[in-house]
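A quick write-up on the structure given underneath.
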Amino acid sequence: MATINATIGISSDITGYGTTINNSMTMTKAGTIAGLDQATGLVRKTLTSTNEVDLLVVGAGVVADVTATKAAKLYIKNVNTDSSEFFTVGLGKSSGTATKQAFAVTADANRCVELGRLYSGDFLIIPWVAASDEHDVFVKPSVATTMVVEYQVFYE
Amino acid sequence: MATTTASLTITSNDLVGDALSLASSTQLNKAGTTIGLDQTTGMARVYLTATTQLDIFPVLPATPAGQNLQSWVYICNKSLDETEFITVSIGATTIGLLYAGDFMWMPWSQIAAKADIEIAPSTGAAAAGIHVDYTCMHQGITYPTSGD
Numbered sequence: 001m002a003t004i005n006a007t008i009g010i011s012s013d014i015t016g017y018g019t020t021i022n023n024s025m026t027m028t029k030a031g032t033i034a035g036l037d038q039a040t041g042l043v044r045k046t047l048t049s050t051n052e053v054d055l056l057v058v059g060a061g062v063v064a065d066v067t068a069t070k071a072a073k074l075y076i077k078n079v080n081t082d083s084s085e086f087f088t089v090g091l092g093k094s095s096g097t098a099t100k101q102a103f104a105v106t107a108d109a110n111r112c113v114e115l116g117r118l119y120s121g122d123f124l125i126i127p128w129v130a131a132s133d134e135h136d137v138f139v140k141p142s143v144a145t146t147m148v149v150e151y152q153v154f155y156e
Numbered sequence: 001m002a003t004t005t006a007s008l009t010i011t012s013n014d015l016v017g018d019a020l021s022l023a024s025s026t027q028l029n030k031a032g033t034t035i036g037l038d039q040t041t042g043m044a045r046v047y048l049t050a051t052t053q054l055d056i057f058p059v060l061p062a063t064p065a066g067q068n069l070q071s072w073v074y075i076c077n078k079s080l081d082e083t084e085f086i087t088v089s090i091g092a093t094t095i096g097l098l099y100a101g102d103f104m105w106m107p108w109s110q111i112a113a114k115a116d117i118e119i120a121p122s123t124g125a126a127a128a129g130i131h132v133d134y135t136c137m138h139q140g141i142t143y144p145t146s147g148d
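Chains A and B, in that order, are what the protein sequence lines are. Following the numbering used here, the numbering of the first sequence begins with 1 at its first residue and continues without gaps. Following the numbering used here, the numbering of the second sequence begins with 1 at its first residue and continues without gaps.
What follows is the structure in structure tokens.
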């Protein structure tokens, strides 16, 4: 059993009262206090087109063991420095018959939704449920010049 | 102009053969600029006692004010019971499950109607009652028009 700790800090003067968030979590297996014990390693990928690219495909590759009943944490970072360029990050099958941004449809293996956009230096950390094709993780560069994304999954 | 800084460290001494240490820090800016975000919902804490799925921010209309702008969402499950979780979704798509003490941090495009951020406590969490913290730092959100 491994111990993986994640600590987030957010400080802001958006309001006159100031905002500070400091929180830590230990990544655990679903419903237990046992730590996650597997990881993809930090992947660095260079993209040179605006095509959508699957970073993680449910049931395939190094994350084939991740299922809907297992815990996983996903970290993604845009390591570029141009503040106008971004990666769109989404969930769902990004190829074939995918219906992009089909938020209105009911559960559908072909659904493909946008979560948000990572501009230069931005990162995310989210839980990942690998239940079906609609949970594949994809990114879409905003420009066709070289953009670099880094990502890592911690899982059980 | 406001300045908001977000940082994240991930560490482990025993996951792999060598110690793992990953650190990131970024300024939260308006989309495509170096101008800081200037709006927030404030940090909310709710106590939930049902498994009902809830929108935690105002329901997105057909053309959300924050569409294609930048927003950041933080959610934390404050339970201390490792079996209690909340399911976090965007529209009809589940993002993942936050177990006791887990947090998440992600950008949110508010890209379309029904792209709402939703949470639903597990059966056990609802039965025991569960606290959840959440906030959104953003460039725009459509608040519902008063109905009275």
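Quick reminder that beta carbons are idealized off the backbone N, C-alpha and C, glycines included.
Taken in chain order, the complete beta strand (DSSP E) segments of 3 or more residues contained in the segment 5-38 of chain B are 20-27. Separation of the CB atoms of B/Gln39 and B/Thr3 is rounded to 14 Å, and the pair is thereby denied contact status at 8 Å. Note on A/Thr145: under 16 other CB atoms within 10 angstroms of its CB, so exposed under the neighbour-count rule. Here B/Gln110 is buried, its C-beta having at least 16 other C-beta atoms within 10 Å. Classified as exposed, A/Ile33 has fewer than 16 neighbouring CB atoms from the shown chains inside 10 Å of its CB.
For the segment 82-106 of chain B, the set of positions with a beta-carbon nearer than 9 Å to some beta-carbon of chain A reads Glu82, Thr83, Glu84, Phe85, Thr87, Val88, Ile90, Gly91, Ala92, Thr93, Thr94, Ile95, Gly96, Leu97, Leu98, Tyr99, Ala100, Gly101, Asp102, Phe103, Met104, Trp105 and Met106 in chain order. In the three-state scheme derived from DSSP, where H, G and I count as helix and E and B as strand, B/Gly91 is classed as coil. For B/Ala128, the uninterrupted alpha helix (DSSP H) run begins and ends at Thr123 to Ala128, by DSSP.
When the beta-carbon positions are compared, A/Ala30 and B/Tyr99 come within less than 8 Å of each other. By the Cβ-count criterion, A/Ser12 is buried, with 16 or more other Cβ atoms from all chains shown falling within 10 Å of its own Cβ. Between A/Ser12 and chain B, the shortest Cβ-Cβ separation is below 8 Å. Put simply, of A/Thr3, A/Ile10, A/Asn22 and A/Val63 the residue whose alpha carbon is nearest the alpha carbon of B/Ser21 is A/Thr3. From the listed residues B/Thr9, B/Gln70, B/Asp148 and B/Asp55, the smallest Cα separation to A/Arg117 is found for B/Gln70. According to DSSP, A/Gln152 shares a beta bridge with A/Tyr75.
For A/Arg44, there are no neighbours in chain B by C-beta distance under 8 Å, as the nearest C-beta there is about 12 Å away.
Following the DSSP letters along the chain, one finds A/Phe138 inside the beta strand (DSSP E) bounded by residues Val137 to Pro141.
In terms of beta-carbon proximity, B/Cys76 lines the interface with chain A, with at least one pair separated by less than 8 Å. For A/Ile126, the enclosing beta strand (DSSP E) stretches over residues Phe123 to Pro127. For the set B/Ala92, B/Cys76, B/Pro121 and B/Ile117, the Cα lying nearest the Cα of B/Gly101 is the one of B/Cys76. Straight-line measurement puts the Cα of B/Thr87 at about 15 Å from the Cα of B/Val46. Residue state for B/Gly147 is assigned as coil, using DSSP reduced to three classes. Comparing alpha-carbon positions, the option among B/Gly17, B/Pro58, B/Ser25 and B/Ala44 lying closest to B/Ser146 turns out to be B/Pro58. The DSSP-derived three-state label of A/Asp54 is strand.
Within chain A, the residues placing a beta-carbon under 9 Å from that of B/Ile10 are Ile4, Asn5, Ala6, Thr7, Met27, Lys73, Tyr75, Ile125, Gln152 and Phe154, ordered along the chain.
In the three-state DSSP reduction, A/Gly61 falls in the helix class (H, G or I). Setting aside the 5 residues that flank it on each side, B/Gly140 is surrounded in the same chain by Ala65, Gly66 and Leu69, each with a C-beta closer than 6 Å to its C-beta; the list follows chain order.
Each residue's CA atom was taken as its position, placing B/Ala6 and A/Val148 some 20 Å apart. Taking C-beta separations shorter than 6 Å and ignoring five residues to either side along the sequence, the partners of A/Ile125 in its chain run Tyr75, following chain order.
About 7 Å separates the CB atoms of A/Thr50 and A/Ser142; that is less than 8 Å, so the two are in contact.
In summary, B/Met137 is buried, with 16 or more beta-carbon neighbours lying within 10 Å of its beta-carbon over all protein chains present.
Annotated three-state conformation of B/Glu118 is strand, per DSSP. Residue environment analysis places B/Gln53 among the exposed positions, since fewer than 16 neighbouring C-beta atoms fall within 10 angstroms of its C-beta.
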